[in-house]
Amino acid sequence: MEINKSDLRLDYFLDKERPLYQHPKHFHFNTDTKLLANFCTIRKGERILDIGCNNGALLYACDQYDVKELVGVEVFDEACLVARYNAEHFFKHPTKIVCCRVQEYQDEPFDVIVSNPPYFKVDATHPDISMDPRQNGRVEVHLTLEELIRNASRLLKSNGRFYFVHRPNRFNDICKLLYQYHFQIQSMQVAYDQNVAKSLLMEARKESGCDCKILQPYFIK
Numbered sequence: 001m002e003i004n005k006s007d008l009r010l011d012y013f014l015d016k017e018r019p020l021y022q023h024p025k026h027f028h029f030n031t032d033t034k035l036l037a038n039f040c041t042i043r044k045g046e047r048i049l050d051i052g053c054n055n056g057a058l059l060y061a062c063d064q065y066d067v068k069e070l071v072g073v074e075v076f077d078e079a080c081l082v083a084r085y086n087a088e089h090f091f092k093h094p095t096k097i098v099c100c101r102v103q104e105y106q107d108e109p110f111d112v113i114v115s116n117p118p119y120f121k122v123d124a125t126h127p128d129i130s131m132d133p134r135q136n137g138r139v140e141v142h143l144t145l146e147e148l149i150r151n152a153s154r155l156l157k158s159n160g161r162f163y164f165v166h167r168p169n170r171f172n173d174i175c176k177l178l179y180q181y182h183f184q185i186q187s188m189q190v191a192y193d194q195n196v197a198k199s200l201l202m203e204a205r206k207e208s209g210c211d212c213k214i215l216q217p218y219f220i221k
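Just so you know, we're using the UniProt record's numbering here: the sequence shown kicks off at 1 and counts up by one.
Laid out in structure tokens, this is it:
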């Protein structure tokens, strides 16, 4: 299977210096992707894993730093092809895109894991909604919150950092599962849209005794 460039749309991620191709039928990067990209702290020489990398937007943001390696895991074939195409054309650092479920992925432990995962439980979705590629990026069909956190813990070094974005109404579930899988919350920030809490940005450390820092709220313009 090969990508047809004519099927892709060229957009810009974060600024006009970062062109990125997207597939019209698949989940596009959005405000949450941009918020998470700016929330992450990446250090020299680190190995980065993006769980559910889609078109590679978060990896592209990490590529601006002097990293050792970028790895993306994605379950959809077409999205993997787009991510590989973007990596080949725009990325500076070694990048590997793996098409599989993260539940089955094996590798050496990473320094940092990032993820903009599906937010909505399957039972909270209207039964008449078609599970097209875009909806699959929003609903926990292939990756539940627990599977995300469990596999992040499995694939992360001790004291490694896990950055992700989620919905504020899942906060209780998030805290419970992070503690269950040996994480401590290091920092968190709530993003507001017209005074409504829209997104929850989290930094968690594996097997760490860190304190939790609550950052100033971010107001989406």
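Built from N, CA and C at the ideal position, the CB exists for glycine as well. Just so it is clear, the structure is predicted and the values come from calculations on it, not from any experiment.
Output the boundary residues of the alpha helix (DSSP H) element that contains residue 32.
Position 32 of the sequence shown, counted from the first residue, corresponds to residue 32. Counting along the chain, the alpha helix (DSSP H) containing residue 32 begins and ends at 31-39.
Assess contact between the segment 147-162 and the segment 80-94, defined as three or more Cβ pairs (one per stretch) separated by less than 8 Å. Is contact present?
no
Starting from residue 198, trace the beta strand (DSSP E) both ways and give me its first and last residue.
Here residue 198 corresponds to residue number 198 of the sequence shown, with the count starting at 1. That run of the beta strand (DSSP E) goes 196-206.
Where residue 62 falls: helix, strand or coil (DSSP):
In the sequence shown, the residue the question calls residue 62 occupies position 62. Looking at residue 62 - three-state DSSP - the assignment turns out to be helix.
Between the Cα of residue 10 and those of 199, 55, 108, spot the shortest distance and give me the residue it belongs to.
Sequence index remark: in the sequence shown, residue 10 carries index 10 (1-based). Looking at the Cα atoms, 55 is the closest of the given residues.
Report all residues from its chain with a CB closer than 6 Å to the CB of residue 112; omit the five preceding and five following residues, and keep chain order.
Residue numbering aside, residue 112 sits at position 112 when the sequence shown is read from its first letter. Cβ within range, chain order: 46, 48, 161.
Element boundaries [beta strand (DSSP E), containing residue 142]:
Position 142 of the sequence shown, counting from 1, holds the residue named residue 142. That residue, residue 142, is in no beta strand (DSSP E); it is neither H nor E in DSSP.
Residue 42 versus 114, 20, 173, residue with shortest Cα-Cα distance:
Indexing the sequence shown from 1 puts residue 42 at position 42. Of the candidates 114, 20, 173, the one whose C-alpha sits nearest the C-alpha of residue 42 is 114.
Mind checking whether residue 210 and residue 188 have CB atoms under 8 Å apart?
Mapped onto the sequence shown, residue 210 falls at position 210. Mapped onto the sequence shown, residue 188 falls at position 188. Note that the C-beta distance between residue 210 and residue 188 is not below 8 Å.
Tell me where the alpha helix (DSSP H) around residue 89 begins and ends.
Position 89 of the sequence shown holds residue 89. Element bounds for residue 89: 77-90.
Rounded C-alpha distance that separates residue 229 from residue 146:
The requested residue 229 is not part of the displayed model; the chain covers only 1 to 221.
If distances are taken between C-alpha atoms only, which option among 203, 207, 219, 106 comes closest to residue 195?
If you number the sequence shown from 1, residue 195 lands on position 195. Of 203, 207, 219, 106, the residue nearest in Cα terms is 219.
Could you check the C-alpha separation between residue 80 and residue 97 for me, to the nearest Å?
Position 80 of the sequence shown holds residue 80. Position 97 of the sequence shown holds residue 97. The alpha-carbon atoms of residue 80 and residue 97 are separated by roughly 6 Å.
Can you list, in chain order, the residues of its chain with a C-beta nearer than 8 Å to that of residue 126? Leave out the 5 residues immediately preceding and following it.
Start at 1 with the first residue of the sequence shown, and residue 126 comes out as number 126. At residue 126, the pLDDT of 46 sits below 50, so the modelled position is not reliable; the number obtained from the coordinates is stated separately. None.
Would you say residue 60 and residue 13 are within 8 Å of each other, going by their C-beta atoms?
For the purposes of this step, residue 60 is taken as residue 60 along the sequence shown, with counting starting at 1. For the purposes of this step, residue 13 is taken as residue 13 along the sequence shown, with counting starting at 1. In terms of Cβ geometry, residue 60 and residue 13 form a close pair [threshold 8 Å].
Beta-carbon spacing of residue 143, residue 72 below 8 Å
On the sequence shown, residue 143 is found 143 positions in, with the first residue counted as 1. On the sequence shown, residue 72 is found 72 positions in, with the first residue counted as 1. Remark: C-beta atoms of residue 143 and residue 72 do not approach each other more closely than 8 Å.
Best match in 77, 94, 74, 19 for proximity to residue 66 [C-alpha to C-alpha]:
Here residue 66 is taken as the residue at index 66 of the sequence shown, counted from 1. When only C-alpha atoms are compared, the closest one is 94.
Option nearest residue 171 by Cα separation, candidates 217, 201, 193, 64
Counting from one through the sequence shown, the residue named residue 171 turns up at place 171. Answer by Cα proximity: 201.
Roughly how many angstroms separate the alpha carbons of residue 40 and residue 75, rounded to a whole number?
Against the sequence shown, residue 40 aligns to sequence position 40. Against the sequence shown, residue 75 aligns to sequence position 75. Cα-Cα distance, rounded: 23 Å.
Is residue 19 buried or exposed, if buried means 16 or more other CB atoms sit within 10 Å of its CB?
Taking the sequence shown and counting its residues from 1, the one referred to as residue 19 is at position 19. In summary, residue 19 is exposed, with fewer than 16 beta-carbon neighbours lying within 10 Å of its beta-carbon over all protein chains present.
In the DSSP output, what is residue 184 paired with across the bridge?
Against the sequence shown, residue 184 aligns to sequence position 184. DSSP, once it has assigned bridges, lists 205 as partnering residue 184.
Grouping DSSP H, G and I as helix and E and B as strand, with all else coil, what is residue 120?
Within the sequence shown, the letter at position 120 stands for residue 120. If DSSP states are grouped into helix, strand and coil, residue 120 belongs with the strands.
How about residue 102 and residue 122: do their beta carbons lie closer than 8 Å?
Here residue 102 corresponds to residue number 102 of the sequence shown, with the count starting at 1. Here residue 122 corresponds to residue number 122 of the sequence shown, with the count starting at 1. Their beta carbons are not under 8 Å apart, which means residue 102 does not touch residue 122 by this criterion.
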